[in-house]
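Asker: Below is one structure. I have some questions about it.
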Amino acid sequence: MDFSVNLQKSTKEPKNGSKFHTQEFSFISGLFFMEPYVRRRIQEPNPGLEETNATRFMNHRAPANGRYKPTCYEHAANCYTHAFLIVPAIVGSALLHGLSDDCWEKITAWIYGMGLCALFIVSTVFHIVSWKKSHLRTVEHCFHMCDRMVIYFFIAASYAPWLNLRELGPLASHMRWFIWLMAAGGTIYVFLYHEKYKVVELFFYLTMGFSPALVVTSMNNTDGLHELACGGLIYCLGVVFFKSDGIIPFAHAIWHLFVATAAAVHYYAIWKYLYRSPTDFMRHL
1491 MDFSVNLQKS
1501 TKEPKNGSKF
1511 HTQEFSFISG
1521 LFFMEPYVRR
1531 RIQEPNPGLE
1541 ETNATRFMNH
1551 RAPANGRYKP
1561 TCYEHAANCY
1571 THAFLIVPAI
1581 VGSALLHGLS
1591 DDCWEKITAW
1601 IYGMGLCALF
1611 IVSTVFHIVS
1621 WKKSHLRTVE
1631 HCFHMCDRMV
1641 IYFFIAASYA
1651 PWLNLRELGP
1661 LASHMRWFIW
1671 LMAAGGTIYV
1681 FLYHEKYKVV
1691 ELFFYLTMGF
1701 SPALVVTSMN
1711 NTDGLHELAC
1721 GGLIYCLGVV
1731 FFKSDGIIPF
1741 AHAIWHLFVA
1751 TAAAVHYYAI
1761 WKYLYRSPTD
1771 FMRHL
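To get my numbering, take the position in the sequence shown, counting from 1, and add 1490.
Structure (structure tokens):
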């Protein structure tokens, strides 16, 4: 009887410090029972947290035979980096046409200008469709194929001024039509094997980009070759970012900037060494 009373008193009137130990035990036991819930919350991803952190600037890398899915920020960057270049490309093409002396130079200016403008227009349209109309799978797939096909024709059009307006040897002159045959072959390849063998497709781009350069560098007139080589080097450096989606944030948009810079260097060389200066053009107005 006395023991029970003493026990009851001990629970009602704890000694100094015992109340603290009781609360500490309750807190620790609470953590023990909450452990599975806390562990589950830590292991499970939080979409809201991911969206507000660095993952919004980059998604996970795509599988070998799949396409990378850009974030909204990357989609916007992909669109704007080429959309802003459409008007300058049109103006630059018109300038070359105005500087032309004969029909052959005008035709060459149109070929080069159409390839340059088509690259930026098709790329912009594809990225807009991929961003805003991704649920239209067939439409997006068609524009993605066009985006890949136009690269071949852009490469051919970029070499057209050098191959058409410079004197070539008997064998080198065949490159004028052979490069367009390569562009047609690349287009057929994209149509048949789009996104199946990415390394092979990249090899075709690089081969088509360097093959005509061997002919151009063998010309007697070497004016503009340094700019041509510099632009080619910029393209090659940009390929690193072209293949870095999911590794480097905004990798494809950075690739677009490399393309724009290299195209500007090549345009400058064509304008300076193959067409007249703007001062001569203004005199004819």
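Note that the Cβ used here is the ideal one computed from N, Cα and C, for glycine as well.
1) For the pair the region 1571-1587 and the region 1604-1619, tell me if three or more CB-CB distances fall below 8 Å.
2) Take threonine 1751 as the anchor and find which of Ile1601, Cys1726, Tyr1763 has the nearest alpha-carbon.
3) Is the CB-CB distance between tyrosine 1765 and leucine 1586 below 8 Å?
4) Whose C-alpha, out of Gly1699, Ala1703, Val1619, is nearest the C-alpha of cysteine 1636?
5) Would you please state the rounded distance, in angstroms, between the beta carbons of methionine 1720 and valine 1755? I believe it to be under 8 Å.
6) Under the assumption that alanine 1743 contacts glutamate 1564 (Cβ atoms under 8 Å), give the Cβ distance between them as a whole number of angstroms.
7) Cβ of tyrosine 1570 less than 8 Å from any chain B Cβ?
8) Where does glutamate 1626 land, buried or exposed, given buried means 16+ other C-beta within 10 angstroms?
9) Any idea if threonine 1628 is buried or exposed, counting beta-carbon neighbours within 10 angstroms, 16 or more meaning buried?
10) Out of Cys1593, Ala1584, Met1709, Ala1759, point me to the one whose CA is closest to proline 1660's CA.
11) Rank Cys1632, Arg1656, Phe1643 by C-alpha distance to the C-alpha of histidine 1684 and give the top, closest one.
12) Nearest by alpha-carbon distance to threonine 1561: which of Leu1723, Trp1600, Pro1702, Gly1736 is it?
13) Smallest Cα separation from valine 1577: which of Leu1609, Ala1650, Lys1559?
14) Go ahead and pull the three-state DSSP assignment for histidine 1684.
15) Let me check understanding here. Comparing Cα to Cα, which of Lys1686, Leu1655, Phe1694 lies closest to leucine 1671?
16) Could you check which residue in His1634, Val1680, Ala1673, Arg1656 has the C-alpha nearest to that of methionine 1698?
17) Taking C-alpha atoms, which residue in Leu1747, Pro1739, Tyr1763, Ala1753 lies nearest to tyrosine 1558?
18) So, for lysine 1499: in the same chain, excluding its five sequence neighbours on each side, which residues have a beta-carbon less than 6 Å away from its beta-carbon?
19) Using the C-alpha atoms, what's the distance from leucine 1704 back to tyrosine 1763?
20) Keeping to the same chain, check which residues put their C-beta closer than 7 Å to that of threonine 1677; ignore five residues upstream and five downstream.
21) As a quick exercise: from Asp1713, Ala1646, Asn1711, Thr1712, pick the residue whose alpha carbon is nearest that of phenylalanine 1700.
Answerer: From the atom records:
1) Segments in contact, yes.
2) Sequence index remark: in the sequence shown, residue 1751 carries index 261 (1-based). With respect to the C-alpha of threonine 1751, the residue from Ile1601, Cys1726, Tyr1763 having the closest C-alpha is Cys1726.
3) Within the sequence shown, the letter at position 275 stands for residue 1765. Within the sequence shown, the letter at position 96 stands for residue 1586. Yes.
4) As a working note, residue 1636 is residue 146 in the sequence shown. Nearest option by C-alpha distance: Val1619.
5) For the purposes of this step, residue 1720 is taken as residue 230 along the sequence shown, with counting starting at 1. For the purposes of this step, residue 1755 is taken as residue 265 along the sequence shown, with counting starting at 1. First, the residue type needs correcting, since residue 1720 is cysteine and not methionine in the sequence shown. About 6 Å; that satisfies the 8 Å criterion.
6) As a position in the sequence shown, residue 1743 is number 253, starting the count at 1. As a position in the sequence shown, residue 1564 is number 74, starting the count at 1. Contact between alanine 1743 and glutamate 1564 holds, since their C-beta atoms are separated by about 7 Å, short of 8 Å.
7) No chain B appears in this structure, which consists of one protein chain only.
8) Sequence index remark: in the sequence shown, residue 1626 carries index 136 (1-based). Here the sequence assigns leucine to residue 1626, which means glutamate is not the residue at that position. Counting of Cβ neighbours within 10 angstroms places leucine 1626 among the exposed residues, the total staying below 16.
9) Taking the first residue of the sequence shown as 1, we reach residue 1628 at position 138. Exposed: under 16 other Cβ atoms inside 10 Å.
10) Taking the first residue of the sequence shown as position 1, residue 1660 is located at position 170. Minimum Cα-Cα distance from proline 1660 among the listed residues Cys1593, Ala1584, Met1709, Ala1759 corresponds to Met1709.
11) Within the sequence shown, numbered from 1, the residue matching residue 1684 stands at position 194. When Cys1632, Arg1656, Phe1643 are compared, the shortest CA-CA separation from histidine 1684 is found for Cys1632.
12) By one-based count along the sequence shown, residue 1561 stands at place 71. Taking each of Leu1723, Trp1600, Pro1702, Gly1736 in turn and checking the Cα distance to threonine 1561, the smallest one comes out for Gly1736.
13) As a working mapping, residue 1577 is identified with position 87 in the sequence shown. Looking at Leu1609, Ala1650, Lys1559, the one whose alpha-carbon comes closest to that of valine 1577 is Leu1609.
14) Counted from its first residue, the sequence shown places residue 1684 at position 194. Under the three-state reduction of DSSP, histidine 1684 is assigned to coil, being neither helix nor strand.
15) Locating residue 1671 in the sequence shown gives position 181, where the first residue counts as 1. Nearest of Lys1686, Leu1655, Phe1694 to leucine 1671, Cα basis: Phe1694.
16) Locating residue 1698 in the sequence shown gives position 208, where the first residue counts as 1. If we check each option's Cα against that of methionine 1698, Ala1673 comes out closest.
17) On the sequence shown, position 68 is the one that residue 1558 refers to. The shortest Cα separation from tyrosine 1558 among Leu1747, Pro1739, Tyr1763, Ala1753 belongs to Pro1739.
18) Along the sequence shown, one-based indexing puts residue 1499 at 9. Confidence at lysine 1499 is low in this model, with a pLDDT of 45, below 50, so its placement is unreliable and no value can be given for it.
19) Reading the sequence shown from its first residue, position 273 is the one you call residue 1763. Reading the sequence shown from its first residue, position 214 is the one you call residue 1704. The alpha-carbon atoms of tyrosine 1763 and leucine 1704 are separated by roughly 19 Å.
20) Along the sequence shown, one-based indexing puts residue 1677 at 187. Cβ within range, chain order: Met1639, Tyr1642.
21) Counting from 1 along the sequence shown, the entry for residue 1700 is found at position 210. Closest option to phenylalanine 1700, Cα to Cα, is Ala1646.
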